[in-house]
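Residue numbers (the UniProt record's numbering), protein chains in the order written: chain P, 1 to 233; chain W, 1 to 233. A virtual CB, placed ideally from N, CA and C, is assigned to each residue, including glycine.
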DNA sequence: GGCAGTACTTGAACACAGTGCAAGTCCCTT
DNA sequence: AAGGGACTTGCACTGTGTTCAAGTACTGCC
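Structure (structure tokens):
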């Protein structure tokens, strides 16, 4: 495992692994150095700063998402491709929940994201959205998926926090639930949801995402047609 | 300005102000203490930890958003109310861009958010979404607005970073643009967007948000009706 | 083979962060 | 007046990003 000389790719790879395993607050230069079998400060030869490293890692993961073929993508039948693309993004963000935190605090605009964005834009142009509307449609879906990932990130962070508390994780969990229940007690609708949520916990998030995505795509189509009739008027 | 004794409310208020002005990485206990005219460690008597404080501040701002009257909200005419509510959330997140970062790294479930969530849920129930569908519809809109705020947070963070660099902010900005242009150069669609974006910079984000929101609401209505016909079949 | 220079690596150090601790200071109650 | 609780303070400890001077090792050249 320990190499005598480091490379940028190795560092980025290790950083992504560490971030996946420990999250944003688990990434520090000494831990990264240890994982690489090198001193913490050795990283600084290959990378300007920690922020640079995060930007590098944050861009790298965009390359993981598969780009659907757009040959069969037409204004009459574009939703399957759009769904594939959104699902790909969703899965990537689920694998790397830290990305949304990095995204919110740094500007992320590297080649990996550019590759994704370009294809995404092409998709909505092929789907019949013209000019700025293609941008807006692509942004709407992107935004929805990103927003969903915020919740995922929060959950992942919470899970790790509970893990870190070790023994009394279950008790901590119970306390949190009790507090939530107490807060919700004055809000009848929330209390009802809290009780049903305990039953189908785990399956719900995916359904909610799929439902929302379907709604967004359906809505975009209706807006596209509305825009068309607007422009031709 | 200096008080002889602190209160929780004062501390939370000051924390929100500091977060609004300096962002997440500008909030530290010594700076907060100075703003309060007290020693940094004095805060710890009123608040368990920095994370607790952020949770407190992060919940407090939810109370700022106005809750629309639901009397006139019906399955035939619910979108104005939903738009109001989403706009309120959007405005609040724009005022407090740090909230999305806090949201992504801590679990936020206090009374302020509960108040909002309950009303939001009530709205979608009044709009004719039944059972879990009301949850999913509310979540879809919430998620979209939240996702939008991620971009806002990133922009605010970038702006502050440029400010911090002081004199050569303009140069830094230019460098960033040049780099983006270089990255985009191999992606024809992105390059075109970058050029048009330079023209109508500033007005675009609001339009994009409004367009996306319209699409989401339209899509939800179509999905609601589809679900109805599904259930009655 | 020796030599220089380049490409890294290292350990010690600095500045600043969150936070625990013991020792205050004030004010209110009895 | 005395005591105690509410609150504040300064100090110090740990962990973090980052810098820097000092290495080490490899490369190509004479």
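Is there at least one Cβ from chain P nearer than 8 Å to residue i's Cβ?
{"i": "residue 148/W", "result": "yes"}
{"i": "residue 216/W", "result": "yes"}
{"i": "residue 105/W", "result": "yes"}
{"i": "residue 75/W", "result": "no"}
{"i": "residue 130/W", "result": "no"}
{"i": "residue 19/W", "result": "no"}
{"i": "residue 225/W", "result": "no"}
{"i": "residue 184/W", "result": "yes"}
{"i": "residue 57/W", "result": "no"}
{"i": "residue 110/W", "result": "yes"}
{"i": "residue 49/W", "result": "no"}
{"i": "residue 171/W", "result": "no"}
{"i": "residue 193/W", "result": "yes"}
{"i": "residue 123/W", "result": "no"}
{"i": "residue 135/W", "result": "yes"}
{"i": "residue 87/W", "result": "no"}
{"i": "residue 127/W", "result": "no"}
{"i": "residue 117/W", "result": "yes"}
{"i": "residue 114/W", "result": "yes"}
Using DSSP bridges, identify the partner residues of residue i.
{"i": "residue 105/W", "result": "In the DSSP output, where bridge partners are listed per residue, residue 105/W has none listed."}
{"i": "residue 77/W", "result": "74/W"}
Let me confirm a value: residue i is counted as buried when at least 16 other C-beta atoms fall within 10 Å, else exposed. Which label applies?
{"i": "residue 202/P", "result": "Unreliable positioning characterises residue 202/P in this predicted model, as indicated by a pLDDT of 49, which lies under 50. The coordinate reading is nonetheless provided below. Exposed, because fewer than 16 other Cβ atoms sit within 10 Å of the Cβ of residue 202/P."}
{"i": "residue 105/P", "result": "buried"}
{"i": "residue 235/W", "result": "Residue 235/W cannot be examined here, being either before or after the span of chain W that is shown, 1 to 233."}
{"i": "residue 9/P", "result": "exposed"}
{"i": "residue 221/W", "result": "buried"}
{"i": "residue 59/W", "result": "buried"}
{"i": "residue 23/P", "result": "buried"}
{"i": "residue 195/W", "result": "exposed"}
{"i": "residue 164/P", "result": "exposed"}
{"i": "residue 115/W", "result": "buried"}
{"i": "residue 135/P", "result": "buried"}
{"i": "residue 28/P", "result": "exposed"}
{"i": "residue 71/W", "result": "exposed"}
{"i": "residue 140/P", "result": "buried"}
{"i": "residue 85/P", "result": "buried"}
{"i": "residue 216/W", "result": "buried"}
{"i": "residue 175/P", "result": "exposed"}
{"i": "residue 17/W", "result": "exposed"}
{"i": "residue 152/W", "result": "buried"}
{"i": "residue 219/W", "result": "buried"}
{"i": "residue 30/P", "result": "exposed"}
{"i": "residue 78/P", "result": "buried"}
{"i": "residue 125/W", "result": "buried"}
Pull up the CB-CB distance for residue i and residue j, whole angstroms please, since I reckon it's below 8 Å.
{"i": "residue 190/W", "j": "residue 117/P", "result": "6 Å"}
{"i": "residue 96/P", "j": "residue 19/P", "result": "7 Å"}
{"i": "residue 109/W", "j": "residue 183/P", "result": "7 Å"}
{"i": "residue 148/W", "j": "residue 209/W", "result": "6 Å"}
{"i": "residue 145/W", "j": "residue 93/W", "result": "7 Å"}
{"i": "residue 43/W", "j": "residue 11/W", "result": "6 Å"}
{"i": "residue 133/W", "j": "residue 224/W", "result": "7 Å"}
Counting only C-beta atoms, is residue i closer than 8 Å to chain W at any point?
{"i": "residue 202/P", "result": "Reliability fails at residue 202/P, whose pLDDT of 49 lies under 50, so the model's placement of it is uncertain and no value is given."}
{"i": "residue 100/P", "result": "yes"}
{"i": "residue 219/P", "result": "yes"}
{"i": "residue 160/P", "result": "no"}
{"i": "residue 208/P", "result": "yes"}
{"i": "residue 139/P", "result": "yes"}
{"i": "residue 52/P", "result": "no"}
{"i": "residue 92/P", "result": "no"}
{"i": "residue 189/P", "result": "yes"}
{"i": "residue 143/P", "result": "yes"}
{"i": "residue 212/P", "result": "yes"}
{"i": "residue 8/P", "result": "no"}
{"i": "residue 24/P", "result": "yes"}
{"i": "residue 180/P", "result": "yes"}
{"i": "residue 163/P", "result": "no"}
{"i": "residue 154/P", "result": "yes"}
* **beta strand (DSSP E) runs contained entirely in the region 174-213 of chain P, provided each spans 3 or more residues** => none
* Length at least 4, wholly inside the UniProt domain "HTH tetR-type" (5-65) of chain P: the alpha helix (DSSP H) runs in chain order -> Correct list: 8-22, 29-36, 43-46, 50-60.
* Ignoring anything shorter than 4 residues or poking outside the region 116-181 of chain P, list the alpha helix (DSSP H) runs there in chain order. => 132-164
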